[in-house]
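**Q**
In the numbering used here, the protein residues as written are 16 to 340.
(1) Does the beta-carbon of residue 284 have 16 or more other beta-carbons within 10 angstroms, so that it is buried, or is it exposed?
(2) Quick one: measure Cβ to Cβ for residue 170 and residue 230, integer angstroms, because I've assumed they're closer than 8 Å.
(3) Rounded to whole angstroms, what is the Cα-Cα separation between residue 78 and residue 101?
(4) Within 10 angstroms of its Cβ, does residue 105 collect 16 or more other Cβ (buried), or is it exposed?
(5) Whole alpha helix (DSSP H) runs in the region 88 to 129 with 4 or more residues, listed along the chain?
(6) In angstroms with no decimal places, state the Cα-to-Cα distance between residue 223 and residue 19.
(7) Is the CB-CB distance between residue 152 and residue 127 below 9 Å?
(8) State the start and end residues of the unbroken alpha helix (DSSP H) segment that holds residue 271.
(9) Can you have a look at residue 305 and say buried or exposed, based on whether 16 or more other CB atoms are within 10 angstroms of its CB?
(10) Out of 161, 340, 329, 321, state which residue places its alpha-carbon closest to the alpha-carbon of residue 63.
(11) Using C-beta distances below 8 Å, list every residue in its chain close to residue 221, excluding the 5 sequence neighbours before and after it, in chain order.
(12) Whose CA, out of 21, 49, 158, 155, lies closest to the CA of residue 43?
(13) What's the call for residue 157, buried or exposed, on a 16-neighbour Cβ count within 10 Å?
(14) Count the C-beta pairs between the region 126 to 140 and the region 181 to 195 that are closer than 8 Å, then say yes if the count reaches three, no if not.
(15) The alpha helix (DSSP H) that contains residue 316, what's its start and end?
(16) Along the chain, where does the alpha helix (DSSP H) that runs through residue 172 open and close?
(17) Within this structure, are the beta carbons of residue 92 and residue 82 separated by less than 9 Å?
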């Protein structure tokens, strides 16, 4: 190849080892660094691969692009790049099918009372098969509402349809492809008609607290609620009270309200100020929807595809910083 290549500084340590083993596009030149990269490396880079880089790395003399190797954009990065309008930010949706698979697993676990039955049998308790709390939800013919219809929502249509469910979506813009859509003003109506609600919305100023106590009160008594988007979308106390009072069947939650701050805090750190862990109608998952064996390679390959597109002068997965996604 002849001509100039895009100069990329890779500051994503979790995938750096994987990238070193992959064939690189001929259109990019790559260096590896950490958050404390030298000024020489910083000022050399035209593109930066990092999740939440410090402000000093965003002030590189030649920097034009920031590639986030996962979905979403950290609030700190969004704020910093809004202050630097010459920078474009691009994220990755490599994990859409992974998270969709996890959402489906949580749905099945809640609908089938799998975890509660497992816990009971470990105590030698087979359960009372005449009790309403013993039976599972039969999914064929039930309404599945996708709250958010981005990459994850779209990846859920096929498996939910294969189960015989009536798949619908709620979003601000009409959905292409034949999926019935509720507009933003019909949220409560959509929730009231759904048997399974799967949330995959990003956390933004517009979505924070979108599902409050009043919206939760609209849901059917036998409904299942799954959240693989952001915890902030659903009111924390409202959700806890709804589950504690058994106003819905169950919830499967992969996103939360409180997280460990350090690697040495991974034990005895509960995910909320409310004791969700004491409820038997909640399946708790530690934000691991994309934690599959292949995630590092898939993430790295997707970031390289984005970098190759930028090297050709093309846009890919550009983030609307005004909306935050």
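Every residue, glycine too, gets a C-beta built ideally from N, C-alpha and C.
**A** Walking through what the data contain:
(1) exposed
(2) 24 Å between Cβ atoms; not a contact.
(3) 9 Å
(4) buried
(5) 90 to 97, 111 to 126
(6) 44 Å
(7) yes
(8) Per DSSP, residue 271 belongs to no alpha helix (DSSP H) and is neither H nor E.
(9) buried
(10) 321
(11) 338
(12) 21
(13) buried
(14) no
(15) 310 to 326
(16) 166 to 177
(17) no
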